[in-house]
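Colleague: Keeping their order, the protein sequence lines are chains A and B. All residue numbers for the first sequence refer to this note's numbering, where the first residue is 160 and numbers rise by one. All residue numbers for the second sequence refer to this note's numbering, where the first residue is 2 and numbers rise by one. Glycine is no exception: its CB is placed at the ideal position from the N, C-alpha and C atoms. No experiment lies behind these values; they were computed from the predicted model shown.
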Amino acid sequence: MTLDLAQFHDTFFEESFEALDSMEAALLKLSAGEVDFELINTIFRVAHSIKGGAATFGFTDVAGFTHVAETLLDQIRAGKRQVTPDLVDLFLRSGDLMRGMLVATKDKQPLDKARVAALHGEIEAVLASEPGSSAAPAPAAAAAPVAAKPAASAVTQQPGWKISFVPGPQLLRHGNDPLRILRELSTLGACVVRVDAMKIPPLSDLDAEECKMSWNIDLSGDVTEAAVRAVFEWVEGECDLRIQPIGVATPVAAAAPAAGTAATPVQVPAAIAAAPAASRAVEAAAEARGGEGGSIRVSIEKIDELLNSVGELVITQSVLSQLAAPLEGRDADELRNALVQLERHMRSLQESVMRVRMLPISFVFNRFPRLVRDLGQRLGKKIELRMNGDTTELDKTVLEKIGDPLVHLVRNSIDHGIEMPDARVANGKSASGTIELNAYHKGGSVVVEVSDDGGGLKKDKILAKARERGLVAADEELSEDRIFNLIFAPGFSTADVVSDVSGRGVGMDVVKRNINELGGHVQIYSTPGKGSMVRIRLPLTLAILDGQLARVGNEVYVVPIVSIVETMQVRKEMVSSIANQGEVFRLRDEYLPVVRLYDLFGIKPDHTDLLNGLLMIVEADGKRVGLFVDELMSQQQVVIKSLETNFRPVTGLAGATMLGDGRVALILDVPGVITRFQQASRDAAQRAA
Amino acid sequence: MNVTSLAANADTQQFLTFKLAGEEYGVGILSVQEIRGWSAVTAIPHSPNWLLGVINLRGAVVPIIDLRIKFNFAKADYNEFTVVIILNVGARVTGIVVDGVSDVITLADEQIKPAPSLGSNTDTSHIIGFGTLDERMRILMDVEKLMASADLGSIKSLQ
Numbered sequence: 160m161t162l163d164l165a166q167f168h169d170t171f172f173e174e175s176f177e178a179l180d181s182m183e184a185a186l187l188k189l190s191a192g193e194v195d196f197e198l199i200n201t202i203f204r205v206a207h208s209i210k211g212g213a214a215t216f217g218f219t220d221v222a223g224f225t226h227v228a229e230t231l232l233d234q235i236r237a238g239k240r241q242v243t244p245d246l247v248d249l250f251l252r253s254g255d256l257m258r259g260m261l262v263a264t265k266d267k268q269p270l271d272k273a274r275v276a277a278l279h280g281e282i283e284a285v286l287a288s289e290p291g292s293s294a295a296p297a298p299a300a301a302a303a304p305v306a307a308k309p310a311a312s313a314v315t316q317q318p319g320w321k322i323s324f325v326p327g328p329q330l331l332r333h334g335n336d337p338l339r340i341l342r343e344l345s346t347l348g349a350c351v352v353r354v355d356a357m358k359i360p361p362l363s364d365l366d367a368e369e370c371k372m373s374w375n376i377d378l379s380g381d382v383t384e385a386a387v388r389a390v391f392e393w394v395e396g397e398c399d400l401r402i403q404p405i406g407v408a409t410p411v412a413a414a415a416p417a418a419g420t421a422a423t424p425v426q427v428p429a430a431i432a433a434a435p436a437a438s439r440a441v442e443a444a445a446e447a448r449g450g451e452g453g454s455i456r457v458s459i460e461k462i463d464e465l466l467n468s469v470g471e472l473v474i475t476q477s478v479l480s481q482l483a484a485p486l487e488g489r490d491a492d493e494l495r496n497a498l499v500q501l502e503r504h505m506r507s508l509q510e511s512v513m514r515v516r517m518l519p520i521s522f523v524f525n526r527f528p529r530l531v532r533d534l535g536q537r538l539g540k541k542i543e544l545r546m547n548g549d550t551t552e553l554d555k556t557v558l559e560k561i562g563d564p565l566v567h568l569v570r571n572s573i574d575h576g577i578e579m580p581d582a583r584v585a586n587g588k589s590a591s592g593t594i595e596l597n598a599y600h601k602g603g604s605v606v607v608e609v610s611d612d613g614g615g616l617k618k619d620k621i622l623a624k625a626r627e628r629g630l631v632a633a634d635e636e637l638s639e640d641r642i643f644n645l646i647f648a649p650g651f652s653t654a655d656v657v658s659d660v661s662g663r664g665v666g667m668d669v670v671k672r673n674i675n676e677l678g679g680h681v682q683i684y685s686t687p688g689k690g691s692m693v694r695i696r697l698p699l700t701l702a703i704l705d706g707q708l709a710r711v712g713n714e715v716y717v718v719p720i721v722s723i724v725e726t727m728q729v730r731k732e733m734v735s736s737i738a739n740q741g742e743v744f745r746l747r748d749e750y751l752p753v754v755r756l757y758d759l760f761g762i763k764p765d766h767t768d769l770l771n772g773l774l775m776i777v778e779a780d781g782k783r784v785g786l787f788v789d790e791l792m793s794q795q796q797v798v799i800k801s802l803e804t805n806f807r808p809v810t811g812l813a814g815a816t817m818l819g820d821g822r823v824a825l826i827l828d829v830p831g832v833i834t835r836f837q838q839a840s841r842d843a844a845q846r847a848a
Numbered sequence: 002m003n004v005t006s007l008a009a010n011a012d013t014q015q016f017l018t019f020k021l022a023g024e025e026y027g028v029g030i031l032s033v034q035e036i037r038g039w040s041a042v043t044a045i046p047h048s049p050n051w052l053l054g055v056i057n058l059r060g061a062v063v064p065i066i067d068l069r070i071k072f073n074f075a076k077a078d079y080n081e082f083t084v085v086i087i088l089n090v091g092a093r094v095t096g097i098v099v100d101g102v103s104d105v106i107t108l109a110d111e112q113i114k115p116a117p118s119l120g121s122n123t124d125t126s127h128i129i130g131f132g133t134l135d136e137r138m139r140i141l142m143d144v145e146k147l148m149a150s151a152d153l154g155s156i157k158s159l160q
């Protein structure tokens, strides 16, 4: 039997794409000036594993290209070459190309050979150039040759580390090779290694598998403690490791390095100065590791199945509670107590399962550093991107659909919001603009804000444009809110020039529609000259909905709470009917149409007289109607089931759910109900005419 | 002859037969998911009259069709003897209301006669043919076509 490698292709591609994402993130951090051994290592690891995978599966083009990139990375990692903005840019483009090649390979499309060859050549050219010839020689690169001379020179100013490495007896048995560690240390900087073989027993007692040797290493060079520790990562638990900064080495210390030299007064400030930097680096490394590990890949269907079963359990549990309620006696009390317990556990189980579907919003946020960098460069604007709350969790489905609207908003901010650097300076602002992305939880929903400190929305211009396009009557005065909302009108744009970024007027309406489809809403805040902010409020999940149960005859409907404005009993004087136009009722100073749900859905109600039932004022797309129902029941969170799975979509229904008694209740889709109502009244008017 | 050897025989098919307005019908046994008693349905507004509504089948929303209405037979009452056959077609689950389930029968290919043409105004597209066993005739239905003609939206591809 031959092993079919093709079955692993999908996993390889998926993992590679994720790896490329993390590589891009690391590169962007590098370009922001953070030179960190851990980051370079991350990038190297990505290139290395893609190369390995591609070679295994026979994707030779990908492997070949990744190999040259890896070679260059290896030089950087070894400290032979300094990270320059040009190099970061080169690697970003290489990452894009690798992604392109992987996509092409996955879809079995031909590769863009010319592009591959061009970038390949570029990297080769860099490789061919002298490592030291890069524009700004790095402290580390410059330091290396100096430090390469043994620390015997009387006053070496080079910082470094004094490492005492005493392996435990088990080290060799666990497959660790001290020589590998020493070799790797020597790539960090110049090493003076002294071996302590005092503990080696006479040959007759020697156990070849037991490590009895220990080492003292003086490592000089501009290396962080985290980088040194990373070398010992695999053996940390199995050795006695001490790492101390050398600071300014005295001749004595250089000649006879002993553990005690740390006491010299000169060294103390150096050690103190080094400590915070080192601890930061360690924290960053720990953070990076925390983000990478500890997860498994589970298909979304399995989770949905789990969610379904839990939903069923919740229903069964509520049936049990109903059955137990009328029972009497001591046993009955105990049963009820146990059921209360059960309910509590069920709720926490349901919450945990829901949380499995949740992913941090960083999955969406991660694409923005690159977007802002590229677009800013193209438009010649200086932009700083700040992202807060990227660990805020959202349902995967919501997350997938929020990406494009957010990209659009950020592009808008870059293109229209942030001004050109000289204009900013002229207005007394800093030359570089700031775009801020914020995400946080607020009362059962997630709020995402996109704000910039640019010029803000031009109210007059928007209003003038809206009047010109006939969206607003010439004499109509609008509140600030409603003016800002005009930019969501289809085809609306105030841009004087259509750029390739934005200005065509498609977009904001799509943004609003997408967000409304998710059951969220958008609001705009803006101050002229100070900037603007778009605030998006989204439901935590699409699988659960806060609903108000309403009864019409024998049927129970679920109305999403977000669409309900208020509920009221009608008094006679509020209602009036208009010939062929149906009924309207007055709510304060507004006239709203009455939608008789039983009429629309063809069911037999308890009440046909408006005065006996209840009117629910519901709103969708800025339209309000009064929904006439018999009675309001409880409010509860319901699990949304699609009607399409086994049937087909129905206008006016958003889906169905299971009630506590096991029955199916239909969930109203308020915009659909209004559309249906308008259609029905138009038909009625036509018949009458 | 046991069930396994029957299933392995490519020339025979098994059908679940049920009664509907005095006639006996059959559907391929592999498309039957389960048989259950009648339970109240939730009506879907603006749906055809033969679509009684939807039920909760262990967390799934399953539409229930009354074949008597669909086939223009006299409508019967729904009581505790009414039976619902849950069919699994492609990725879809649908229930059909019948008067009663009779038997599982095994038919060889030569026992299945194609449906005769009944003239242009009678739609026989959802009938595979007629199966005769023990002198009795059953109308064998193509569940997939039945569901397609039942206007349940396009059948999701078989998975």
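Do three or more CB pairs link the segment 538-548 of chain A to the segment 583-593 of chain A at distances below 8 Å?
Modeller: The segment 538-548 of chain A, when compared against the segment 583-593 of chain A, does touch it at the 8 Å Cβ threshold.
Colleague: For A:D549, which of A:G821, A:T556 and A:N525 has the nearest alpha-carbon?
Modeller: Out of A:G821, A:T556 and A:N525, A:N525 has the C-alpha closest to the C-alpha of A:D549.
Colleague: At a Cβ cut of 9 Å, what residues of the segment 803-832 of chain A count as close to chain B, listed as they run along the chain?
Modeller: Those residues of the segment 803-832 of chain A that come within reach of chain B (Cβ to Cβ, closer than 9 Å) are E803, T804, N805, F806, R807, P808, V809, T810, G811, L812, G814, A815, T816, M817, L818, G821, R822, V823, A824 and L825.
Colleague: Please report how far the alpha carbon of A:S181 lies from the alpha carbon of B:V62, in whole angstroms.
Modeller: Going by the C-alpha atoms only, they are around 41 Å apart.
Colleague: Kindly confirm or deny that the segment 27-47 of chain B and the segment 76-96 of chain B touch, where touching means at least three C-beta pairs closer than 8 Å.
Modeller: The answer is yes - the segment 76-96 of chain B touches the segment 27-47 of chain B, with three or more Cβ pairs under 8 Å.
Colleague: Are the segment 618-637 of chain A and the segment 596-610 of chain A touching by the rule of at least three beta carbon pairs closer than 8 Å?
Modeller: No, the segment 618-637 of chain A is not in contact with the segment 596-610 of chain A.
Colleague: Identify the residues that DSSP records as bridge partners of A:C398: which are they?
Modeller: Partner(s): A:P326.
Colleague: Alpha carbon to alpha carbon, how far is A:S722 from A:V681?
Modeller: For A:S722 and A:V681, the distance between alpha carbons rounds to 14 Å.
Colleague: Just checking my contact of A:L466 with A:A702 at CB under 8 Å: how many whole Å lie between their CB atoms?
Modeller: Right, the Cβ-Cβ distance comes to about 6 Å (below 8 Å), so this counts as a contact.
Colleague: Measuring straight from C-alpha to C-alpha, what distance separates A:A433 and A:Q241?
Modeller: In this predicted model, A:A433 has a pLDDT of only 45, less than 50, meaning its place in the structure is not dependable; the value taken from the coordinates is given anyway. For A:A433 and A:Q241, the distance between alpha carbons rounds to 22 Å.
Colleague: Taking B:N57 as the query, report the chain A residues whose CB atoms sit under 7 Å from its CB, ordered along the chain.
Modeller: Near B:N57 (Cβ distances below 7 Å), the residues of chain A are M817, G821, R822 and V823.
Colleague: Apart from the five residues just before and just after A:R332, which ones in its own chain have a Cβ nearer than 6 Å to its Cβ?
Modeller: Same-chain partners within the cutoff: E368.
Colleague: Excluding the 5 residues flanking B:D67 on each side, which residues of the same chain have their C-beta closer than 6 Å to its C-beta?
Modeller: Correct list, in chain order: W51, L53 and V98.
Colleague: If you run the structure through DSSP and keep just helix, strand and coil, what is A:K371?
Modeller: Residue state, collapsed to three classes: coil.
Colleague: In whole angstroms, what separates the C-alpha of A:A178 from that of A:G587?
Modeller: A:A178 and A:G587: Cα-Cα distance of roughly 42 Å.
Colleague: Quick check on DSSP: helix, strand or coil for B:G91?
Modeller: Reduced to three states, the DSSP call for B:G91 is coil.
Colleague: Tell me whether the beta-carbon of A:L774 lies closer than 8 Å to the beta-carbon of A:G761.
Modeller: Going by C-beta atoms, A:L774 is not nearer than 8 Å to A:G761.
Colleague: Which of the three DSSP states is assigned to A:Y757 in this structure?
Modeller: Three-state DSSP puts A:Y757 in a helix.
Colleague: Is A:T225 closer than 8 Å to A:A213 when the C-beta atoms are compared?
Modeller: Yes. Within cutoff.
Colleague: In chain B, what lies closer than 8 Å to A:E471 by C-beta?
Modeller: The answer, in chain order, is R59 and G60.
Colleague: At least one CB of chain B closer than 8 Å to the CB of A:K800: is that the case?
Modeller: It does: the Cβ of A:K800 has a partner Cβ on chain B nearer than 8 Å.
Colleague: Assuming contact is defined by CB atoms lying nearer than 8 Å, are A:E460 and A:V390 in contact in what I supplied?
Modeller: No; because the gap between Cβ atoms is not below 8 Å, this pair is not in contact.
Colleague: Closer than 7 Å by C-beta to A:H862: which residues in its own chain qualify, once you throw out the five before and the five after it? Chain order, please.
Modeller: For chain A, the structure presents residues 160 to 848; residue 862 of chain A sits outside this window and is missing.
Colleague: Taking the beta carbon of A:K321 as the centre, do at least 16 other beta carbons fall within 10 Å, making it buried, or is it exposed?
Modeller: It is buried - the Cβ of A:K321 has at least 16 other Cβ atoms within 10 Å.
Colleague: Pick out the complete alpha helix (DSSP H) segments inside the segment 706-785 of chain A, 4 residues or longer, and give them in chain order.
Modeller: The segment 706-785 of chain A contains these whole alpha helix (DSSP H) runs: 756-760.
Colleague: Can you tell me which residues form a DSSP beta bridge with A:A815?
Modeller: BP columns for A:A815 point to A:K800 and A:L825.
Colleague: For the segment 377-391 of chain A and the segment 347-356 of chain A, state whether three or more C-beta atom pairs, one from each stretch, are separated by less than 8 Å.
Modeller: The segment 377-391 of chain A vs the segment 347-356 of chain A: in contact.
Colleague: Buried or exposed: B:H47, going by 16 or more other Cβ atoms within 10 Å of its Cβ?
Modeller: The residue in question, B:H47, is exposed, as its Cβ has fewer than 16 Cβ neighbours within 10 Å.
Colleague: Let me confirm a value: A:Q268 is counted as buried when at least 16 other C-beta atoms fall within 10 Å, else exposed. Which label applies?
Modeller: That one is exposed.
Colleague: DSSP state of A:F391, grouped into three classes?
Modeller: Three-state DSSP puts A:F391 in coil, outside helix and strand.
Colleague: If you count every other CB in all the chains shown that lies within 10 Å of the CB of B:S58, and 16 or more means buried, which is it?
Modeller: Residue identity check: residue 58 of chain B is Leu in the sequence provided, not Ser. Its Cβ being crowded by 16 or more others within 10 Å, B:L58 is buried.
Colleague: Of all Cβ atoms in chain A, is any one closer than 8 Å to the Cβ of B:V63?
Modeller: It does: the Cβ of B:V63 has a partner Cβ on chain A nearer than 8 Å.
Colleague: To the nearest angstrom, how far is it from the Cα of A:V305 to the Cα of A:I209?
Modeller: Low per-residue confidence applies at A:V305: pLDDT is 40, beneath 50, and the placement is therefore not dependable, though the value from the model is reported in the following sentence. Answer to the nearest angstrom: the Cα atoms are 36 Å apart.
Colleague: Output, in sequence order along the chain, the residues in the segment 760-777 of chain A whose CB is closer than 8 Å to any CB in chain B.
Modeller: So the close ones are F760, G761 and I762.
Colleague: Taking the alpha-carbon positions, what's the A:G108 to A:P687 distance?
Modeller: Residue 108 of chain A lies beyond the range of chain A shown here (160 to 848); nothing can be said about it.
Colleague: Going by alpha carbons, who is nearest to A:P528 out of A:H168, A:K188 and A:D169?
Modeller: Answer by Cα proximity: A:K188.
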